[in-house]
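S.K.:
Protein chains in written order, with my numbering: chain A, 79 to 192; chain B, 26 to 139.
Structure (structure tokens):
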């Protein structure tokens, strides 16, 4: 079974530029999560999709971050414009939409904003 | 708001000794609880979960965790540590709704010395 795929693995941009990350979840997983992991901290949930719908985006900085999940499969997370404090690893995870809900994580995208 | 606390940033044990990585949580209602492990340069991996039933749950690589409702704790344990267990461990809690939000702790670095 293929795991969660993410691209790119690394990205370096200057502040005020835009960037997009892509995620392809495990086949059949209805729930998709985007997390931000700053060095030394645990993953912080940015947005959670169930199929096409958003079930939680309370911690997504909506003035600069956006995310979509078309057709309930792939998802894209965008940052525009980027700030220095956005430097982090962006993790995508997926799970089935019922108990036991354990999440399967992709390798992450390490973003550096200079 | 739900939260997870991992009171120790670092745990050091000698190979062959038992290990404990501590986790306490706060959530409305009954929790689903998880442990994840992150090896260097690798993604987060699911280790074990508590959903319901026996308070002692067993997971991958010989790890187990004990759920204590009165103390709101979910400590990770292993009877005999291996050098290869050295990694970053995250505790996570999810509330028991279909669209429950997951909250992670900030992680504990486990170092097992030969």
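No residue lacks a Cβ here, since even glycine has one placed at the ideal position from N, Cα and C.
Please read all numbers here as calculations on a predicted model, not as lab measurements.
Use the C-beta contact count for residue 90 (chain A): other C-beta atoms within 10 angstroms, 16 or more gives buried, fewer gives exposed.
M.R.: Counting Cβ neighbours within 10 Å, residue 90 (chain A) comes out exposed, since fewer than 16 surround it.
S.K.: Take the Cβ of residue 57 (chain B) as the centre, count every other Cβ of all protein chains shown within 10 Å, and call the residue buried at 16 or more, exposed below.
M.R.: By the neighbour-count rule (16 or more Cβ atoms within 10 Å), residue 57 (chain B) is buried.
S.K.: Please state whether DSSP places residue 127 (chain B) in a helix, a strand or coil.
M.R.: The answer is strand: DSSP assigns residue 127 (chain B) an E or B state.
S.K.: Is the shortest distance between the beta-carbon of residue 69 (chain B) and the beta-carbons of chain A less than 8 Å?
M.R.: Yes, residue 69 (chain B) counts as interfacial toward chain A.
S.K.: At a CB-CB cut-off below 9 Å, which residues of chain B make contact with residue 114 (chain A)?
M.R.: Residues of chain B passing the Cβ test: none, with the nearest at roughly 11 Å.
S.K.: Hey, how far is the Cα of residue 87 (chain A) from the Cα of residue 65 (chain B)?
M.R.: Whole-angstrom Cα-Cα distance: 15 Å.
S.K.: Answer yes or no: do residue 107 (chain A) and residue 157 (chain A) have a C-beta to C-beta separation smaller than 8 Å?
M.R.: No, these two residues do not count as a Cβ contact at 8 Å.
S.K.: Let's see if you can read the secondary structure: which residues bound the beta strand (DSSP E) around residue 146 (chain A)?
M.R.: Note, residue 146 (chain A): beta strand (DSSP E), 143 to 147.
S.K.: 8 Å is my cut-off, CB to CB: does residue 115 (chain B) come that close to chain A?
M.R.: Interface residue, yes.
S.K.: List, in order along the chain, the chain A residues whose C-beta lies closer than 9 Å to that of residue 131 (chain B)?
M.R.: Ordered by position in chain A, the residues that pass the 9 Å Cβ test against residue 131 (chain B) are 118, 119 and 120.
S.K.: Taking 8 Å as the CB-CB limit, is residue 127 (chain B) close to chain A?
M.R.: Yes - at least one Cβ of chain A is within 8 Å of the one on residue 127 (chain B).
S.K.: Give the interface partners of residue 138 (chain B) over in chain A, defined as CB-CB distance under 8 Å, in chain order.
M.R.: Correct list: empty, because the minimum Cβ distance to chain A is about 22 Å.
S.K.: I want to see whether chain A comes within less than 8 Å of residue 59 (chain B), judged by CB atoms only; does it?
M.R.: At least one chain A Cβ lies under 8 Å of residue 59 (chain B).
S.K.: Buried or exposed for residue 118 (chain B), going by 16 or more other Cβ atoms inside 10 Å?
M.R.: Flag for residue 118 (chain B) reads buried.
S.K.: Measuring CB atoms only, is the stretch 127 to 135 of chain A touching the stretch 98 to 118 of chain A, in the sense that at least three cross pairs come out at less than 8 Å?
M.R.: Counting Cβ pairs under 8 Å, three or more are found: they touch.
S.K.: Give me the chain A residues within the contact set of residue 83 (chain B), using Cβ-Cβ distance strictly less than 9 Å, ordered along the chain.
M.R.: Residues of chain A passing the Cβ test: none, with the nearest at roughly 14 Å.
S.K.: Spell out a yes or no on whether the stretch 31 to 47 of chain B and the stretch 102 to 118 of chain B are touching, meaning 3 or more CB-CB pairs, one atom from each, closer than 8 Å.
M.R.: At 8 Å Cβ cutoff, the stretches touch.
S.K.: Can you find the residues in the same chain that come closer than 7 Å, C-beta to C-beta, to residue 135 (chain B), ignoring five residues on each side of it along the sequence?
M.R.: If we look at residue 135 (chain B) and ignore the five residues flanking it on each side, its Cβ neighbours are 36, 44, 46, 110, 111, 112 and 114.
S.K.: Tell me the residue span of the beta strand (DSSP E) that contains residue 83 (chain B).
M.R.: Start and end: 81 to 83.
S.K.: Less than 8 Å between the beta carbons of residue 133 (chain A) and residue 162 (chain A), yes or no?
M.R.: Not a contact, by the Cβ cut-off of 8 Å.
S.K.: Would you mind stating whether residue 101 (chain A) and residue 184 (chain A) have Cβ atoms separated by less than 8 Å?
M.R.: The answer is yes: Cβ separation under 8 Å.
S.K.: Counting only C-beta atoms, is residue 3 (chain B) closer than 8 Å to chain A at any point?
M.R.: The structure shown does not extend to residue 3 (chain B), since chain B spans only 26 to 139, so no value can be given for it.
S.K.: Run the CB neighbour count on residue 34 (chain B), radius 10 Å, all protein chains shown included, and call it buried at 16 or more, exposed below.
M.R.: Flag for residue 34 (chain B) reads exposed.
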